[in-house]
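Enquirer: This note's numbering puts the sequence shown at residues 466 to 749.
Beta carbons: idealized from backbone N, C-alpha and C, even for Gly.
Here the structure is a predicted model, which means the values were calculated and not measured.
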Amino acid sequence: MTTPPPPQPPNRPGYGFPQPPNGPGYGFQQQPGGGAQPVPGAPGPAGAGGFGPPPGLPTAPGLPAAPAPAPGRSGNLRRNAVWAFVGAVTVSIGWAAAVTAVPGLVSSDSSPRDLRGYHLSDDFCATGKPTKLLQTYSVSDTSKPTHHTDRHPALDSMNCSMSLKRTGGTSDSESATLYMRVDLHKAVNPAPELEANKELYRARGYQVTDIAGLGEEAYFLYKDDGSDQYHSVYAELDIRDGGMTYYVTYSAGYTEGKGKPPTKEELRTALQSDGQDTVRAMKK
């Protein structure tokens with residue numbers, strides 16, 4: 466009888482490349498007859514990325530709002546030009562003062578982080594070899610490991626996938642799948658997305674354990690999801706250090722009474738040890 470495959474882990478947030486909004490222009494949608502109209506609630510056409518003086522800043526203190534131009538009256542136009550100039554100068558002074566008082570106003574948390582000497586390799590299955598986990602498992606003879614390395618001005622990445630077999634095991638339920646990936650984020654700060662990933666798993670019932678002393682931040686995820694006698698086990702270790710992110714996922718299934726994967730603590734110990742060795746190797 467074929468056992469059902471373990472469920473897929475929840476979708477991870479895409480690192481590095483935010484998707485552009487739909488439509489011909491940011492914050493606008495086309496209307497019949499031509500002409501872009503603002504989408505309700507969407508940002509207006511401010512500076513790129515939302516930077517620049519916020520719209521609606523007040524004019525100079527004590528000065529009334531600039532009067533509306535009256536057609537055909539050059540005197541009004543001249544007065545309006547003066548009011549516009551005074552307002553522009555006031556806004557510029559106010560914006561400069563705000564930037565001085567709040568340095569982070571124009572440098573958001575999405576700014577790229579230092580890569581701290583991490584670099585890619587052409588064979589991540591060799592660089593990230595899971596030595597500790599391979600004390601319990603061996604690489605499958607029927608499915609060779611696969612690896613890929615990709616380089617891009619904004620994001621370098623490498624990954625490796627392995628099919629594993631429990632050492633000495635004879636049951637199909639004693640097999641497992643391992644997937645490892647490293648991303649070097651050169652255009653954005655990956656920290657918010659890593660945090661979002663952790664909260665997404667937590668919301669879906671995964672056990673989350675923060676790990677100290679491994680990169681800038683690291684955590685371990687685990688879930689044993691059983692249905693009748695069949696169980697699927699998922700474990701993951703995530704590490705971030707500067708602009709480098711690393712994660713390794715382990716998935717396996719078993720039927721009660723026919724073998725069982727390592728315990729949660731055994732998996733955490735193995736993945737943490739192998740993850741630590743991998744990030745060290747990436748600096749050599």
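For the structure I just gave you, are there three or more beta carbon pairs, one from the segment 730 to 747 and one from the segment 587 to 602, closer than 8 Å?
Expert: A contact exists between the segment 730 to 747 and the segment 587 to 602.
Enquirer: Can you tell me whether DSSP reads R667 as helix, strand or coil?
Expert: Helix, per DSSP.
Enquirer: Following the continuous beta strand (DSSP E) through V647, name the residue where it begins and the one where it ends.
Expert: Unbroken beta strand (DSSP E) run through V647: 640 to 650.
Enquirer: Give the DSSP-derived three-state secondary structure of Q694 in the structure shown.
Expert: DSSP places Q694 in coil when its eight states are reduced to three.
Enquirer: Thinking Y711 and G740 are a contact (beta carbons under 8 Å), I'd like their distance in whole angstroms, please.
Expert: The pair is a contact, with the Cβ atoms about 6 Å apart (cut-off 8 Å).
Enquirer: Quick one: using the 10 Å Cβ neighbour count with 16 as the cut-off for buried, is G718 buried or exposed?
Expert: G718 is buried by the Cβ-count criterion.
Enquirer: Going by DSSP in three states, V744 sits in which element: helix, strand or coil?
Expert: Three-state result, V744: helix.
Enquirer: In or out: R705 buried (at least 16 other Cβ within 10 Å) or exposed?
Expert: R705 comes out buried.
Enquirer: Just verifying my parser: in three-state terms, what is the DSSP assignment at E701?
Expert: In the structure shown, E701 sits in a strand (DSSP, three-state: E or B).
Enquirer: In the DSSP output, what is R631 paired with across the bridge?
Expert: R631 pairs with Y602.
Enquirer: Need the endpoints of the beta strand (DSSP E) that A717 sits in, please.
Expert: Segment 709 to 720, the beta strand (DSSP E) holding A717.
Enquirer: Using the C-alpha atoms, what's the distance from M623 back to A656?
Expert: About 19 Å.
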